[in-house]
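Peer 1:
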Amino acid sequence: MDYTKCFTTRWKIIGIVFILILCFIPLYYFYISNLLTTKNCTEEFHDDPTWRGECGQRDVRGTTTGSDTKRGEFPWSVAVFTHKDVSGKLQRLFLCGGTLIDEPVVITAASCVENKNVSELFVHVGLWDIDARSDRFTQIIKVDKVEEHEHYNPSSLINNIALLVLKDAVRLGRSVNRVCLPDMNQKFETDSTCYVVGWEAKRSAGGSNALLKLTTEHANRDKCTKYIRKIRGVPKYKLPKEHLCADYQVTKERNFPVPCARVQGSGMICALHDNSDQFFLVGIASHPMRHCSQPPAYDVFQKTENYISWVDNLMKKYSRDKSYYRPDPIASIEDAHEDEDEDEDEDEDEDEDEDEDVSSDAK
């Protein structure tokens, strides 16, 4: 019997499909295994020995001057979004900025998320260009719970602070890291390098809307109070003790423009001093007071130090350890050199003592 006659065109096709399936299966498993073992896109530059993974640490090789930023320069910066219905299609709507303080927790302004449907809130972590359609560095995570301050006052904006508890933990690395929260005894009003970040309301002529930074400093409270009285038309206004003012004049003095960035909910980030490479969340942008084209340029922030206990209690509720976002400060380069000098001095003193002992024994 000639079995080759049975191998009709139909059987040829089935045979070819069968062979393709046999070839595809190992390729598929090879792809999946590589996908699962591929390093996190936020974990680049691991060969740098200076990277310690502490809170408040950023990639110093990715910093810039002026108002422009590089990706990962502010790895704790977060964009908060919701959905809106446009002609029957859901589109994302930018609400405000935020700051990552722990893998599953973002801190922002309560005014940003009040009366919002929690199920429609989500954050973009590691986002740089807010108008980019796709970005392999960005992690998009839904919000699980919103913890507004129980004494938040929408009219005075006192206690304008909220925690966003995420459904999934953020993957940390160089492009995404958490900021530190300060202790009460840490002062940032003098000799501190401070920044506020945000995105423009409209993209630039080149089509990009990358994260912008505003170099800032603590403003004089009396000057800020007078400024707010003038633009609000409230002669007896008093700046609440829970608030601080940020002054962007320093940026103009350096001949850099002050971009009219959307900063609500974003953090005022400061280093303890110029030689420190660890940054702390000093304030949360509560309500902008500035006219972008006219100096002086002030914004009002909630003082973070007034809410440390509140944050600690909530973090404990979610089984998070405060040492994760409030560790011992990283020693600055200058401090490290001082420690080395002290060690050398101690060694020299010990050598001198040994020489004296030897001399006395010889006598």
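According to full-length UniProt numbering, the sequence shown is numbered sequentially starting from 1.
Every residue gets a Cβ at the ideal spot worked out from N, C-alpha and C, and that includes glycine.
Keep in mind the model is a prediction, meaning the values are calculated, not measured.
Return the Cβ separation of leucine 100 and valine 170 in integer angstroms, given the expectation that the two are a contact with Cβ distance under 8 angstroms.
Peer 2: Yes, leucine 100 and valine 170 are in contact; Cβ-Cβ is about 6 angstroms, under 8 angstroms.
Peer 1: Using a Cβ-Cβ cut-off of 8 angstroms (strictly less than) and excluding sequence neighbours within five positions of glutamine 139, which residues of its own chain qualify?
Peer 2: So the qualifying residues of the chain are Thr42, His124, Val125, Gly126, Val170, Arg171, Val176.
Peer 1: Closer than 8 angstroms is the cut-off here; do at least three beta carbon pairs connect the segment 88-104 with the segment 148-158?
Peer 2: These segments do not touch.
Peer 1: So does the segment 236-250 actually touch the segment 154-164, counting three or more Cβ pairs closer than 8 angstroms?
Peer 2: Touching, per the Cβ criterion.
Peer 1: Buried or exposed: which applies to lysine 213, given that a residue is buried once 16 or more other Cβ atoms fall within 10 Å of its Cβ?
Peer 2: Burial call: buried.
Peer 1: Taking 8 angstroms as the limit between beta carbons, can you name the residues of its chain near glutamate 189, skipping five residues before and five after?
Peer 2: So the qualifying residues of the chain are His218.
Peer 1: Short check: CB of phenylalanine 280 to CB of cysteine 180, under 7 angstroms?
Peer 2: Against a cut-off of 7 angstroms, the Cβ pair of cysteine 180 and phenylalanine 280 comes out as a contact.
Peer 1: Indicate the three-state DSSP secondary structure (helix, strand or coil) for tyrosine 307 in the structure shown.
Peer 2: In this structure, tyrosine 307 counts as helix in the three-state DSSP scheme.
Peer 1: So, with DSSP's three-state summary, where would you put alanine 271?
Peer 2: Correct three-state label for alanine 271: strand.
Peer 1: DSSP on alanine 110, reduced to helix/strand/coil?
Peer 2: Looking at alanine 110 - three-state DSSP - the assignment turns out to be helix.
Peer 1: In angstroms, rounded to a whole number, what distance separates the CA positions of glutamine 278 and lysine 89?
Peer 2: Spanning the two alpha carbons is a distance of roughly 43 angstroms.
Peer 1: Please work out which residues of its chain come closer than 7 angstroms, Cβ to Cβ, to arginine 92, disregarding the five sequence neighbours upstream and downstream, and give them in chain order.
Peer 2: Cβ within range, chain order: Phe81, His83.
Peer 1: So, for threonine 38: in the same chain, excluding its five sequence neighbours on each side, which residues have a beta-carbon less than 7 angstroms away from its beta-carbon?
Peer 2: Low confidence applies here, because threonine 38 scores a pLDDT of 29, under 50, leaving its location unreliable; read the following figure in that light. Within the same chain, threonine 38 has no close Cβ partners at all.
Peer 1: Identify the continuous beta strand (DSSP E) that holds aspartate 183 and give its terminal residues.
Peer 2: That residue, aspartate 183, is in no beta strand (DSSP E); it is neither H nor E in DSSP.
Peer 1: Where DSSP assigns a beta bridge to phenylalanine 81, which residues make up the other side?
Peer 2: Phe94, Phe122, per the DSSP bridge assignment.
Peer 1: Output yes or no for whether 7 angstroms exceeds the beta carbon distance between aspartate 131 and asparagine 209.
Peer 2: Yes, the pair counts as a contact, with Cβ atoms nearer than the cut-off.
Peer 1: Counting only the same chain and skipping the five closest in sequence on each side, list residues whose C-beta sits under 6 angstroms from that of leucine 121.
Peer 2: Correct list, in chain order: Thr82, Val143.
Peer 1: Helix, strand or coil, according to DSSP, for lysine 116 in the structure here?
Peer 2: Three-state DSSP puts lysine 116 in coil, outside helix and strand.
Peer 1: In this structure, does DSSP put leucine 281 in helix, strand or coil?
Peer 2: In the structure shown, leucine 281 sits in a strand (DSSP, three-state: E or B).
Peer 1: Can you tell me whether DSSP reads cysteine 245 as helix, strand or coil?
Peer 2: Strand, per DSSP.
Peer 1: In whole angstroms, what separates the C-alpha of aspartate 102 from that of proline 182?
Peer 2: Aspartate 102 and proline 182: Cα-Cα distance of roughly 14 angstroms.
Peer 1: May I ask you to report which of helix, strand or coil DSSP gives leucine 211?
Peer 2: DSSP places leucine 211 in coil when its eight states are reduced to three.
Peer 1: Can you tell me whether leucine 166 is helix, strand or coil according to DSSP?
Peer 2: Strand, per DSSP.
Peer 1: Applying the criterion that 16 or more other CB atoms from any shown protein chain within 10 Å of the CB defines a buried residue, is methionine 268 buried or exposed?
Peer 2: Methionine 268 is buried by the Cβ-count criterion.
Peer 1: Give the DSSP-derived three-state secondary structure of lysine 89 in the structure shown.
Peer 2: Lysine 89: strand per DSSP, three-state reduction.
Peer 1: Just mark serine 77 as buried or exposed, buried being the case when its beta carbon has 16 or more other beta carbons within 10 Å.
Peer 2: It counts as buried.
Peer 1: Apart from the five residues on each side of it in sequence, which residues of its chain come closer than 6 angstroms, Cβ to Cβ, to glutamate 338?
Peer 2: Residue confidence is low: glutamate 338 scores 48 on pLDDT, short of 50, so the model does not pin down where it sits. Its coordinate-derived value is still stated next. Correct list: empty, nothing qualifies.
Peer 1: Taking the alpha-carbon positions, what's the lysine 236 to histidine 287 distance?
Peer 2: Whole-angstrom Cα-Cα distance: 19 angstroms.
Peer 1: Drop a sphere of 10 angstroms on the beta-carbon of glycine 56, count the other beta-carbons inside from all chains shown, and report buried for 16 or more, exposed for fewer.
Peer 2: So glycine 56 ends up on the buried side.
Peer 1: Assign valine 86 to one of two classes, buried (16 or more other C-beta atoms within 10 Å of its C-beta) or exposed (fewer than that).
Peer 2: Valine 86 is exposed by the Cβ-count criterion.
Peer 1: Which of helix, strand or coil does DSSP assign to aspartate 47?
Peer 2: The predicted model places aspartate 47 with a pLDDT of 46, which falls under 50 and marks its position as unreliable; any figure quoted below should be read in that light. Looking at aspartate 47 - three-state DSSP - the assignment turns out to be coil, as it is neither helix nor strand.
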